[in-house]
């Protein structure tokens, strides 16, 4: 029987495994049947012009897995296996292809531009750990995170954000999600079932709490931040806020509202989760101190992350627990394994201690301030005047206010047809509610300068086409998307 697998010498997969996978596929799909004889090792290796060792290794693997049997002095035969009719088995290379959608002009901000982070600087501190602290990597990490990093974080965030804590009240995680998962379990121990969530707000946090069986209650965000009166009305004892830069609106909660929110937590015997999102990326003046710095009742759980100011692939976040919650964590939650890389934790501690982190933050503040200025310039030049940009003094996105009656979802779909990735405000709202005003959210974190103006120009063309169609009072859905 002539069998001719395609041998790809460029793959990392060994040749014998390529032969093995090919033969398994032939058998499972029914082209090689029970008792079919395979070619001898010599014939098969000569036919494929490969070494006999590769064929022998493939056959030995098939024997071990039960796909073939060996009869002395006769050769190898296909064993009895279940044939999957009509099923086409794709290669692992095909199965593992990314399904993520990529845009020619990506304004969704899920990654960073390559010129915004100096990986040589990061590699320097990784190498320092490998050269001088490598013995630490032979030991399992602390569930709370490496002590040296917690010490460094406590000092750094007291100096830069006014956060008051001890290293023992800090828990490090591989991103925000595992920390929110721990909080969900903690709240369950304390019989805290409902949590007020900013609406619009951070969807990932809502999904994690939903998964933890907390009931998430949407609370409207206005120009002063979360609506505190609604928190009282809904009788919740937990709330999730980003007071220094609300996502996605960019609202900054004024001090008097922060004090009112702290008073709410004290009155209801509850807790505030303060997500200090993008607080260090403030382009004018000094960063506003964290709400935790005003907290005299020990009611604020402070969340911080390094992913925004470094790179998304460096997944290190942390939370600061009030003392009462910290005691519950120590009693019930330290069985959670640490999710952040020990190597990266140690490297980050060196990055901060050396002063490189502060220098990097100053650099990217200037980088993003310039980028925001260019975005606003391009919007003014290419986007219809009826679309009004709204932006704050911080953050990495600009809200585009659309005229009343415009359909933001339809515009997002039309943009995708033109290779433009952009979000609407509606995707950050709860399912039950509709946005009172239509908005687009234009994130500029990841798109490079060379594509930025061209992308905004094409966005302006889509918006102009929509305006003309809308003004004609036509059947928007059909005519516009065509």
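Residue numbers (our numbering): 7 to 488.
Ideal Cβ placement from N, Cα and C applies to all residues, glycine included.
Values in this document were obtained by computation on a predicted structure and should not be read as measured data.
Determine which residues share a DSSP beta bridge with residue i and list them.
| i | result |
| --- | --- |
| residue 245 | 202 and 278 |
| residue 325 | 177 and 309 |
| residue 395 | 406 |
| residue 449 | 403 |
| residue 10 | None; residue 10 has no bridge partner. |
| residue 82 | 76 |
| residue 222 | 201 |
| residue 231 | 228 |
| residue 111 | 426 |
| residue 288 | 400 |
| residue 240 | Answer is none; residue 240 lacks a bridge partner. |
| residue 43 | 83 |
Please return the same chain residues whose Cβ sits closer than 8 angstroms to the Cβ of residue i, not counting the five positions on each side in sequence.
| i | result |
| --- | --- |
| residue 73 | 29, 30, 33, 84, 85 and 87 |
| residue 151 | 176, 177, 178, 179, 324, 344, 346 and 351 |
| residue 406 | 385, 389, 393, 394, 395, 396, 445, 446, 447 and 448 |
| residue 58 | 47, 48 and 51 |
| residue 259 | 230, 231, 232, 247, 249, 250, 252, 267 and 297 |
| residue 109 | 422, 425, 426 and 427 |
| residue 227 | 204, 205, 206, 207, 233, 252, 255 and 257 |
| residue 61 | 22, 25, 47, 50, 51 and 54 |
Can you tell me whether residue i is buried or exposed, with buried defined as 16 or more other CB within 10 angstroms of its CB?
| i | result |
| --- | --- |
| residue 305 | buried |
| residue 290 | exposed |
| residue 312 | buried |
| residue 472 | buried |
| residue 76 | exposed |
| residue 205 | buried |
| residue 408 | buried |
| residue 15 | exposed |
| residue 280 | buried |
| residue 129 | exposed |
| residue 474 | exposed |
| residue 332 | buried |
| residue 242 | buried |
| residue 435 | buried |
| residue 401 | buried |
| residue 117 | exposed |
| residue 335 | buried |
| residue 17 | exposed |
| residue 461 | buried |
| residue 68 | buried |
| residue 415 | exposed |
Please list, in chain order, all residues of the same chain as residue i whose beta carbon is under 7 angstroms from its beta carbon, the five residues on each side excluded.
| i | result |
| --- | --- |
| residue 264 | 249, 297 and 300 |
| residue 359 | 158 |
| residue 171 | 160 and 326 |
| residue 164 | 170 |
| residue 368 | none |
| residue 317 | 118 and 123 |
| residue 480 | A caution first: residue 480 carries a pLDDT of 49, below 50, which makes its placement in the model too unreliable to give a value. |
| residue 237 | 202, 225, 245 and 270 |
| residue 153 | 173 |
| residue 56 | 13 and 21 |
Identify, in the order they occur along the chain, each residue of the same chain with its Cβ nearer than 6 angstroms to the Cβ of residue i, setting aside the five sequence neighbours on each side.
| i | result |
| --- | --- |
| residue 64 | 22, 25 and 26 |
| residue 181 | 321 and 323 |
| residue 377 | 450 |
| residue 168 | 295, 296 and 299 |
| residue 375 | 289 |
| residue 99 | Its pLDDT being 48, under 50, residue 99 is placed unreliably in this model, and the value from its coordinates should be taken loosely. Around residue 99: no qualifying Cβ. |
| residue 41 | 83 |
Does the beta-carbon distance from residue i to residue j come in below 8 angstroms?
| i | j | result |
| --- | --- | --- |
| residue 268 | residue 198 | no |
| residue 319 | residue 113 | no |
| residue 282 | residue 310 | yes |
| residue 328 | residue 307 | yes |
| residue 277 | residue 271 | yes |
| residue 371 | residue 287 | yes |
| residue 339 | residue 155 | no |
| residue 253 | residue 190 | no |
| residue 225 | residue 202 | yes |
| residue 135 | residue 353 | yes |
| residue 348 | residue 131 | no |
| residue 4 | residue 127 | There is simply no residue 4 to check, as the chain begins at 7 and stops at 488 in what is shown. |
| residue 212 | residue 222 | yes |
| residue 140 | residue 183 | no |
| residue 373 | residue 412 | no |
| residue 13 | residue 54 | yes |
Could one say the Cβ of residue i lies closer than 8 angstroms to chain D's Cβ atoms, at least one of them?
| i | result |
| --- | --- |
| residue 188 | Looking at the structure shown, chain D is missing, and only one protein chain is on hand. |
Are the region 144 to 151 and the region 341 to 353 in contact at 8 angstroms, needing three or more beta carbon pairs?
-> yes
Flag this pair as touching only if the region 460 to 470 and the region 416 to 428 have three or more C-beta atom pairs under 8 angstroms; answer yes or no.
-> yes
Meets three-Cβ-pair contact criterion under 8 angstroms: the region 200 to 219 and the region 375 to 387 = no
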